[in-house]
Amino acid sequence: MSRIGKLPVSVPSGVDVTIDGQTVTVKGPKGQLSHVVAEPIVVNRDEDGAIAVTRPDDLRKSKELHGLSRTLIANLVTGVTEGYEKKLEIVGVGYRVLAKGPTQLEFSLGYSHTITVDAPEGITFNVEAPTKFSVLGIDKQSVGEVAANIRKLRKPEPYKGKGVRYAGEQVRRKVGKAGK
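Going by the working numbering, the sequence shown opens with residue 45, and the numbers climb by one from there.
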């Protein structure tokens, strides 16, 4: 039995959950999200108001989707109540970020030009310092994807560690050339 899948998803007050067939729509103080649950999985509300995710059989595909579906629904509930934040930092001499509004960032990352990044719908940026910023939103997947795309602009290199990295990320360092 899936340990994650059998856990009920608690719904806090102020959050409205609508289940229409395979579509789960969650509406909360920060916005609205919806997810289409894969076919063999069944989503219901139980008597105390929590969301229960069940599978009809013990086929491999059903087992794979059971815990995944429950986690995705829990992420929707967390997103509309608290939201998600991914913190990033920039390491390197002359590397910095500038806020051009809540949905636009301008990076100086050692290239001959600056790079402007526009946020997709539902994502905002917050710049705390010229080398520290964060990506905020209610959809966990899109927050992670935007953060990964920003990190791709200049990945941390293994010799000096320069580049864009997640806050707290450990970069494996290599030893440079050995002199005489």
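All C-beta atoms, glycine included, are put in the ideal place defined by N, C-alpha and C.
Where the beta strand (DSSP E) containing residue i begins and where it ends
i    : result
T175 : Where T175 is concerned, there is no enclosing beta strand (DSSP E), given that its DSSP letter is neither H nor E.
R89  : V86 to R89
R209 : G207 to Y210
T98  : I95 to T98
D101 : No beta strand (DSSP E) holds D101; DSSP gives it neither H nor E.
Q76  : G75 to V80
D92  : Segment: none, D92 is in no beta strand (DSSP E) and carries neither H nor E.
V68  : T67 to G72
Per-residue DSSP class, three states only, for residue i
i    : result
K184 : helix
T115 : helix
I48  : coil
V53  : strand
V61  : strand
A222 : coil
K204 : coil
R195 : helix
E108 : helix
Cβ-based burial, residue i [other Cβ within 10 Å; buried from 16]
i    : result
V80  : exposed
H157 : exposed
L103 : exposed
A211 : exposed
A191 : buried
R198 : buried
S113 : buried
K224 : exposed
V219 : exposed
R99  : buried
8 angstroms Cβ cutoff, residue i in contact with chain D
i   : result
V97 : The structure shown has no chain D; it contains just one protein chain.
Could you pull out every unbroken beta strand (DSSP E) segment of at least 3 residues lying fully inside the region 124-172, listed in chain order?
-> 128-135, 140-143, 148-152 and 159-162
### Message
Using 8 angstroms as the cut-off, can you tell me whether the region 203-222 makes contact with the region 119-135, which would need three or more C-beta pairs spanning the two stretches below that distance?
### Response
yes
* Does the region 74-88 come within contact of the region 142-161, defined as at least 3 CB pairs closer than 8 angstroms? -> no
Are the region 97-117 and the region 157-166 in contact at 8 angstroms, needing three or more beta carbon pairs?
no
Practice item. Please determine if the region 163-172 and the region 58-65 are in contact, where contact requires at least 3 C-beta pairs separated by less than 8 angstroms. Key: no
### Message
So, does the region 115-126 touch the region 70-80, judging by three or more C-beta pairs under 8 angstroms?
### Response
yes
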